[in-house]
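Enquirer: Start counting at 1 in the sequence shown, then tack on 943, and there's your number in the working numbering. This is the structure, below, for whatever I ask next.
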Amino acid sequence: MADAPECDGLFTPPYPVPHKSKASLLKRFLTGWNSWIHTLFDRSYTMQMGEIRLPKLDFFIANDLSVVDRVMDDREKVFPKHSFLNELLDPLIGNSVFSANGKDWEEQREMVNPAFAHTNLKRVFPAMQGAVDDLLATIMAMDRSKPIAVDPLMTHVAADIIYRTIFSVKLDQASADHIYHAFHRYQKNIQPGAMLKLYGLPLLGYRRRAIRAATEIHSVFGPIVQARYDAWHGGSGEAKADILQSLLEARHPETGEHFTYQNIMEQVSTIFLAGHETAASSMTWALYLLAECPHLQEALIGEIDGATQGQPIAFEHLRALGGVRNLFRETLRLYPPVSFLVREVTAPTTMRDKLLHKGAMIVISPWLIQRNRNNWKCPHAFAPERFDDPEEAEACRRAYMPFGKGPRICIGAGFAQQEGILILASIIRAFRLRYPDIPKPEPVSRLTLRPKDAVQLWFDTRAR
């Protein structure tokens, strides 16, 4: 499936070649074993609404933007998050503000809202800057006579930033490595387990192994939460200006009760996962795209130098970095960290002449909507300047949803964008990136969209 001839001069980064026609049930099972996006076929990228029937579930993929708005805005309150999502995430985040529905979600959201005051962009900037300075020092100290694996670096800096914001402490290298590998094992096991469940087959121990990996992740910050929970409720805790403190102080809007330790672990796990994994994914892809486009690196270094006048990057400089912002936005368009958003049909509903029965799944896919040629010019091409193009303004408004849409839109979108701009600008300023003479990275979509194998890049010190 090729873009139009006018796209010929643009760089088209890798994505799975779609099947020519809808695959058989068996082929969908085998290709979906490791990645959802590998099950797609040509018409997936242009159809308005598709339907797939599996042994245990009927699901519909909606690309029609009016249907997307109806489902995501959910004014009828009939499209909650699907229980299948909870199956994928429960070992990691339990019943939290991300996975809850209805009144439960509204109450949890009210309780956690004060915690997000600590993600105020100006307030959190020093923590971000400290983590980025540590990242640059780490890269400088590495053996750069050979390409460096980017994914673990981006996981560490993103996890460090949110760790400082939640707990007021740094994340050490050993803990960052532990989280990176444990989450990789989690995704590697939860995906096949999900496919087996969709087809009504035995889980073969995959979910059990995923639960073990989730427990390993929790072991990194669980002791911090337990110690501060016990101290606070025991009357000896020192109040800190961070997210965990707000969660300790939160009270239920009706009963006045505090979160239990388990409740706090679920909320902390959600904030930590959402605050680092999606950011690490998008920044890994952004650095790859930069490495393939040396001309863009030179344009952006000019922009950064013009904004900062040679001074360290400050909060006040970020607004002037429009080119870096567009790089990050275009990365999120091409490689949205969460590629599929799933909702449940809770009452019989008709959409585009299709009857959706109660219990069906409806899928909203940022991956498909943001690569649909009916929405975007040259949809598979890397073109950051499209975000300044008046002809693409409608697509930017209606067909761009890397953070979701509607009342459940990601509350940390501004945090993620500031973090991304700061990290990218700092790396561009310090290094010239090159992609080695090796095969291009292959995206795979599980819980999040990641390269199949770690992206390797040359980091050449930039003469200043």
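All residues carry an ideal CB built from backbone N, CA and C; glycine is no exception. All values reported here derive from a predicted model rather than from experimental measurement.
Let me know the secondary structure DSSP gives residue 1145 once reduced to three states.
Expert: Reduced to three states, the DSSP call for residue 1145 is coil.
Enquirer: Which residues mark the beginning and the end of the beta strand (DSSP E) in which residue 993 is found?
Expert: 992 to 997 is the span of the beta strand (DSSP E), which, as asked, contains residue 993.
Enquirer: Thinking just about the alpha-carbon of each residue, which of 1384, 1292, 1127, 1371 is nearest to the one in residue 1002?
Expert: Here the closest residue by C-alpha is 1292.
Enquirer: Just the C-alpha distance for residue 1059 and residue 952, rounded to the nearest angstrom, thanks.
Expert: Their Cα atoms are separated by approximately 43 Å.
Enquirer: Inspect the CB distances between the segment 1007 to 1023 and the segment 1189 to 1198 and report whether three or more fall short of 8 Å.
Expert: In short, these stretches do not touch, since the Cβ pair count stays below three.
Enquirer: May I ask which residues mark the beginning and end of the alpha helix (DSSP H) holding residue 1360?
Expert: Counting along the chain, the alpha helix (DSSP H) containing residue 1360 begins and ends at 1356 to 1373.
Enquirer: Which residues in the same chain as residue 1369 place their Cβ atom closer than 7 Å to its Cβ, once the five residues preceding and following it in sequence are excluded?
Expert: Excluding residues within five positions, the ones whose Cβ falls inside 7 Å are 1075, 1079, 1256.
Enquirer: Relative to the C-alpha of residue 1212, which candidate in 1167, 1089, 1225, 1241 has its C-alpha closest?
Expert: It is 1167.
Enquirer: Suppose the cutoff is 7 Å on Cβ atoms and the five residues either side in sequence are ignored; what does the same chain contact list for residue 1216 look like?
Expert: Excluding positions up to five away in sequence, the list reads 1035, 1036.
Enquirer: From the DSSP output, read off the bridge partner residues of residue 1287.
Expert: DSSP, once it has assigned bridges, lists 1304 as partnering residue 1287.
Enquirer: Tell me, which residues are paired with residue 1151 by DSSP?
Expert: In DSSP, residue 1151 forms no bridge with anything.
Enquirer: Under the three-state reduction of DSSP, which class applies to residue 1256: helix, strand or coil?
Expert: Coil at residue 1256, not helix or strand.
Enquirer: Excluding the five sequence neighbours on either side, which residues of its own chain have a C-beta within less than 8 Å of the C-beta of residue 1119, listed in chain order?
Expert: If we look at residue 1119 and ignore the five residues flanking it on each side, its Cβ neighbours are 1095, 1098, 1099, 1102, 1103.
Enquirer: What does residue 1377 pair with, by DSSP beta-bridge criteria?
Expert: DSSP, once it has assigned bridges, lists 1401 as partnering residue 1377.
Enquirer: Could you tell me the distance, in whole angstroms, from the CA atom of residue 1172 to the CA atom of residue 1204?
Expert: Straight-line Cα distance between these residues: approximately 7 Å.
Enquirer: Any chance the segment 1357 to 1369 sits against the segment 1215 to 1230, with 3 or more Cβ pairs inside 8 Å?
Expert: Cβ pair count under 8 Å is three or more, so yes.
Enquirer: Return the CA-CA distance between residue 1288 and residue 1363, expressed in angstroms with no decimal places.
Expert: If you take the alpha carbons of residue 1288 and residue 1363, they lie about 35 Å apart.
Enquirer: Excluding the five sequence neighbours on either side, which residues of its own chain have a C-beta within less than 7 Å of the C-beta of residue 977, listed in chain order?
Expert: Hits under 7 Å: 1134, 1387.
Enquirer: Between residue 1012 and residue 1023, what straight-line distance do the alpha-carbon atoms span, to the nearest angstrom?
Expert: Roughly 14 Å between the two C-alpha positions.
Enquirer: Check each candidate in 1117, 1061, 983, 999 and name the one with the smallest Cα separation from residue 1111.
Expert: Comparing Cα-Cα distances from residue 1111 to each of 1117, 1061, 983, 999, the minimum goes to 1061.
Enquirer: With DSSP collapsed to three states, give me the class of residue 951.
Expert: Residue 951 falls in the coil class under three-state DSSP.
Enquirer: Contact check, residue 1025 vs residue 1304 under 8 Å by CB: the rounded distance?
Expert: That belief holds up - the Cβ atoms of residue 1025 and residue 1304 are roughly 5 Å apart, short of 8 Å.
Enquirer: Do the CB positions of residue 1408 and residue 1309 come within less than 8 Å of each other?
Expert: The requested residue 1408 does not occur in the structure, where the chain is confined to residues 944 to 1407.
Enquirer: In the segment 1306 to 1333, which residue ranges form an unbroken alpha helix (DSSP H) of at least 4 residues, counting only runs that do not cross its ends?
Expert: Here the runs fully enclosed are 1309 to 1312.
Enquirer: Does the segment 1264 to 1280 come within contact of the segment 1328 to 1342, defined as at least 3 CB pairs closer than 8 Å?
Expert: Verdict: yes, contact present.
Enquirer: Are three or more beta carbon pairs between the segment 1039 to 1059 and the segment 1077 to 1093 nearer than 8 Å?
Expert: In short, these stretches do not touch, since the Cβ pair count stays below three.
Enquirer: The beta strand (DSSP E) that contains residue 1390, what's its start and end?
Expert: Element bounds for residue 1390: n/a, residue is neither H nor E.
Enquirer: Compute the Euclidean distance between the alpha carbons of residue 1029 and residue 1064, then round it to the nearest angstrom.
Expert: The straight-line gap from Cα to Cα measures roughly 30 Å.
Enquirer: With distance defined between alpha-carbon atoms, name the residue in 983, 1376, 1155 nearest to residue 1122.
Expert: Considering only alpha carbons, the answer is 1155.
Enquirer: Suppose the cutoff is 7 Å on Cβ atoms and the five residues either side in sequence are ignored; what does the same chain contact list for residue 995 look like?
Expert: Correct list, in chain order: 1002.
Enquirer: What is the rounded straight-line gap between the Cα of residue 1239 and the Cα of residue 1233?
Expert: Straight-line Cα distance between these residues: approximately 7 Å.
Enquirer: I think residue 1224 touches residue 1087, with their Cβ atoms under 8 Å apart; what is that distance to the nearest whole Å?
Expert: With a Cβ gap of about 23 Å, residue 1224 and residue 1087 do not count as contacting.
Enquirer: DSSP state of residue 1336, grouped into three classes?
Expert: In this structure, residue 1336 counts as helix in the three-state DSSP scheme.
Enquirer: Residue range of the alpha helix (DSSP H) that residue 1207 falls in?
Expert: Segment 1204 to 1234, the alpha helix (DSSP H) holding residue 1207.
Enquirer: Let's see if you can read the secondary structure: which residues bound the alpha helix (DSSP H) around residue 1047?
Expert: From DSSP, the alpha helix (DSSP H) with residue 1047 extends over 1045 to 1055.
Enquirer: According to DSSP, which residues form a beta bridge with residue 1002?
Expert: 995, 1304.
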